[in-house]
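This report concerns only the one structure given below.
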Amino acid sequence: MRIEILLFLIMGVCAVIDGLKREIPIVIVWIGIIVAVILRLCGTIGDGSAVMAALSVIPGVMLWMISFVTREKVGYGDGWMLIMIGLFAGMWRCFLIFLIGLISESLIVLVLLAVQRISHDRKIPFAPFLLFGMGVVLCL
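When we follow my numbering, the leftmost residue of the sequence shown carries the number 57, and every step to the right adds one.
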């Protein structure tokens, strides 16, 4: 549980900065990735195998590739955050956090578009929705 709280705190910092500045602090995310790798190597999280660690970064790598293909319509920082989440939480929990984040963002954006509070070309930070997804997964 302490590992999840550490991840939640790192994600909270990233979500606040992303919400305010529209950019994810990559240095904080990389520090989180390094901490997760060290904890995986020590056996504190996961089973310590390289295969499981490699599988756990699949969601983040996929989002990072989408960022590349779409010329950063989806930010690279979101992919890096998912890599960090995957290393901490594992592949399946990372997919669940990502799915909850996507669904919650979609619902809120649809409502805001329907009441004409935002335009269709507005950039919406995704890190707060990943944080929400992490909070939901922690409560499950």
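For glycine and all other residues, C-beta sits at the position ideal for the given N, C-alpha and C.
Sequence-distant residues of the same chain with beta carbon closer than 6 Å to residue i, five excluded per side
| i | result |
| --- | --- |
| M67 | L187, M190 |
| G135 | G116, L119, W120, S123 |
| I174 | L168 |
| G157 | F185, L186, G189 |
Cα-Cα separation, residue i to residue j
| i | j | result |
| --- | --- | --- |
| V193 | S123 | 25 Å |
| S160 | F144 | 22 Å |
| G102 | L65 | 20 Å |
| V125 | V72 | 27 Å |
| V113 | V130 | 17 Å |
| A92 | K77 | 26 Å |
| V83 | I90 | 11 Å |
| C98 | S105 | 11 Å |
| D177 | P81 | 23 Å |
| A170 | V107 | 44 Å |
Residue i vs residue j beta-carbon contact at 8 Å
| i | j | result |
| --- | --- | --- |
| P115 | G142 | yes |
| M137 | A183 | yes |
| M140 | V85 | yes |
| V165 | I180 | yes |
Residues near residue i in its chain [Cβ-Cβ closer than 7 Å; skip 5 each side]
| i | result |
| --- | --- |
| Y132 | W120, S123 |
| L111 | M147 |
Under the three-state DSSP convention, the category residue i falls into
| i | result |
| --- | --- |
| P81 | coil |
| L158 | helix |
| E60 | helix |
| D134 | helix |
| L196 | coil |
| F182 | coil |
Same chain, Cβ closer than 8 Å to residue i, five either side skipped, listed in chain order
| i | result |
| --- | --- |
| I59 | L95, T100, I101, F144 |
Where residue i falls, given that 16 or more other Cβ within 10 Å makes a residue buried
| i | result |
| --- | --- |
| C150 | buried |
| C70 | buried |
| D74 | buried |
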